[in-house]
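Residue numbers (my numbering): 344 to 967. To start, the structure itself, in structure tokens.
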């Protein structure tokens, strides 16, 4: 193992000399310097005069870090040999190459070196103002050997180095500064930031507009290198960790977002985005390229959005992932939607349907024909509700056909057709075809246009049961939406059986939910107890524990409103009543709106009042 400097060890200073030529210097050291690096050249000369021993060869300097990483299990011999081959080809220190190839993270590397050398680990805040150093140190030298000053006093200068086992660096720094130098172990990116602050103009140059394409091209040319990085074990392991962690947290989406200084990973858990801490050290391009390779996307195309799909088996479950990439300022942003086939409860009770709403819904499903609409924003569980309805109707005496974009879950016994706009297989064209397939039940992923709506209505008029979705805020608005699509009023009243609007709210964790006494205004609004407040049942709020990852919530349930078509509503629709009027008529005929259903579930301890208000976005008059 190479000789290293231990805490308290300093390196003596000596006068620099220039009694040797540049060719002799390069021949003796095997190091290559920039032609204009005068400071760096002087440091080499000073080192040769400083010690009688030869400057360590490349192999002797790099053996220390490689052996330490192998001994701690963070590197294997084959990986080290690969890095050394690349180092022989490109030159430069070993440490940054280890990080660039993704074998270790910057923090892992620094921690391992600090433990092996028994040197202190420099923190980000330790890098002080280095205004007094620029006259002594060359920024090119500091960048090449990843060294940055920490602080100085009358006795010694403290420096952070990515590889303090390199004796040349310590000797050169001591000679250049004219006094003893104490070394610390630094994280490569933090060292680079400190150098950039000390020498803000040393690595920048004016760039004209015509040069921009050339600069971008240099970053996008090496596609083979990107593909190689995507197949490296650390990159594969990191992507697998992302997916595994998402499954553990029951996340529905993984967001991978590149920014100027870091790669942000966020999971959507129970409908809410949460940032997840992952070790750094791997190039964002390698992570994105790995995902694109799995999804059979073009890794060379980073200027246009792409969509793909990944199928895998994890923990005994079939996982389907939809992949979307878009170009951003600092690289490609990726969103991975996880569709867990084994974790979808296709049962109304499990989805949160109960009481009068479930009874009315079952009556609508029992009708042999007509249209049933499910409405709500993206991510509100509409497709899952439709699948639950189809599963309930899926019997041997019924033929069920679906047209979807895309097919999210495969259902046994149901013919599912994915639309393909690229070959003109649209919702409307697919519907025309399946009507000739003698179906009993038809599910249309979404009514997007008047043509699709008219074909669906024609199917309902000819004796078919039709299910579909719309994007509206509530159930009554779906009627006015169809009118806006120029569907005739008499067709709406004669084919629409019911409209179900829904949202998803987070369920309280049953292990840590906390009971509390509700305030007076909430007691009155929910109708809890009596006016004397002697028998008011408690409500519950989120607290957090290990079972729910300290969020207070685990899983989601639905809040619903079901509009059932009746004669008063039909008359109002023909009279072109607005959505507010339709809502009042529906309530007068027994419709429970989403907010009332949500507050009822909050009173039952399934969720919180705050969660209901967040999702439904209704204002509560709590001034009472």
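We treat Cβ as the ideally placed atom computed from N, Cα and C, and that holds for glycine.
In chain order, what are the residue ranges of uninterrupted beta strand (DSSP E) at least 3 long that sit wholly in the stretch 620-685? Fully contained in the stretch 620-685 are the following beta strand (DSSP E) runs of length 3 or more, in chain order: 649-657, 660-671 and 674-683.
To the nearest angstrom, how far is it from the Cα of residue 448 to the Cα of residue 621? Rounded to whole angstroms, the gap between the alpha carbons of residue 448 and residue 621 is 10 angstroms.
Output needed for residue 836: all residues of its chain with C-beta closer than 6 angstroms, excluding positions within five of it in sequence on either side, in chain order. 913 and 916
C-alpha distance - residue 407 paired with residue 640, whole-angstrom precision: 40 angstroms
What's the gap between the Cα of residue 600 and the Cα of residue 716? For residue 600 and residue 716, the distance between alpha carbons rounds to 36 angstroms.
Is DSSP giving residue 790 helix, strand or coil here? coil
Sort out for me which residues DSSP pairs residue 758 with in a bridge. 744
Please state if the CB of residue 582 and the CB of residue 666 are separated by a distance shorter than 8 angstroms. no
Residue 525, DSSP secondary structure in three states: strand
Quick check: the stretch 690-709 against the stretch 787-802, are at least 3 beta-carbon pairs closer than 8 angstroms? Because the criterion of three Cβ pairs below 8 angstroms is not met, the stretch 787-802 and the stretch 690-709 do not touch.
Quick check: the Cα distance between residue 301 and residue 826, rounded to an integer number of angstroms? Residue 301 is absent from the structure shown; the chain starts at 344 and stops at 967.
Counting only the same chain and skipping the five closest in sequence on each side, list residues whose C-beta sits under 8 angstroms from that of residue 714. 799, 800, 803, 809, 810, 811, 838, 839 and 840
Specify whether the stretch 716-726 and the stretch 811-822 touch according to this definition: at least 3 beta carbon pairs, one from each stretch, less than 8 angstroms apart. Short answer: they touch.
Sub-8 angstroms separation of residue 526 and residue 507 beta-carbons: yes
Between the alpha carbons of residue 950 and residue 880, how many angstroms are there, rounded? If I take the Cα positions, the gap works out to 15 angstroms.
Since residue 592 and residue 612 are thought to touch, with beta carbons under 8 angstroms apart, how far apart are those beta carbons, to the nearest angstrom? 5 angstroms
Can you check which of these residues, 735, 534, 734 and 517, is closest to residue 503 by C-alpha distance? 534
Could you spell out the range, first to last residue, of the beta strand (DSSP E) harbouring residue 859? 857-859
Are at least three pairs of beta-carbons, each pair with one atom in the stretch 702-713 and one in the stretch 669-688, less than 8 angstroms apart? Contact between the stretch 702-713 and the stretch 669-688 is absent, because fewer than three Cβ pairs lie under 8 angstroms.
Only counting the same chain, and skipping five residues up and downstream in sequence, which positions put a Cβ closer than 6 angstroms to that of residue 760? Within its own chain, the residues whose Cβ lies closer than 6 angstroms to the Cβ of residue 760, once the five positions on either side in sequence are excluded, are 746 and 773, listed in chain order.
So what's residue 906 in DSSP terms, helix, strand or just coil? strand
Keeping to the same chain, check which residues put their C-beta closer than 6 angstroms to that of residue 664; ignore five residues upstream and five downstream. If we look at residue 664 and ignore the five residues flanking it on each side, its Cβ neighbours are 653, 679 and 681.
Among 519, 460 and 518, which one has its Cα closest to the Cα of residue 505? 460
Assigned secondary structure, residue 503 (DSSP; H/G/I helix, E/B strand, else coil): Reduced to three states, the DSSP call for residue 503 is strand.
Those residues which DSSP pairs with residue 715 across a bridge: 810 and 841
Here's a check: name, in chain order, each residue in its chain whose Cβ is nearer than 6 angstroms to the Cβ of residue 952, leaving out the five neighbours to either side. 945
Are the stretch 931-943 and the stretch 893-911 in contact at 8 angstroms, needing three or more beta carbon pairs? yes
Can you check DSSP and say which residues form a bridge with residue 599? 608 and 677
Kindly indicate the opening and closing residues of the beta strand (DSSP E) around residue 884. 882-884
Can you tell me where the alpha helix (DSSP H) holding residue 455 begins and where it ends? 449-460
Residues near residue 617 by beta carbon distance below 6 angstroms, same chain, minus five either side: 610
By the 10 Å Cβ neighbour count, where 16 or more other Cβ atoms means buried, how is residue 923 classified, buried or exposed? Residue environment for residue 923: exposed (fewer than 16 other C-beta atoms within 10 angstroms of its C-beta).
Taking just the CA atoms, how far does residue 598 sit from residue 588? 13 angstroms
May I ask whether a heavy atom of the ligand SAM can be found less than 7 angstroms away from the beta carbon of residue 781? Absence of the ligand SAM from the depicted structure is noted, as is the absence of any ligand whatsoever, leaving it without description.
So what does residue 616 bridge to, in DSSP terms? DSSP, once it has assigned bridges, lists 611 as partnering residue 616.
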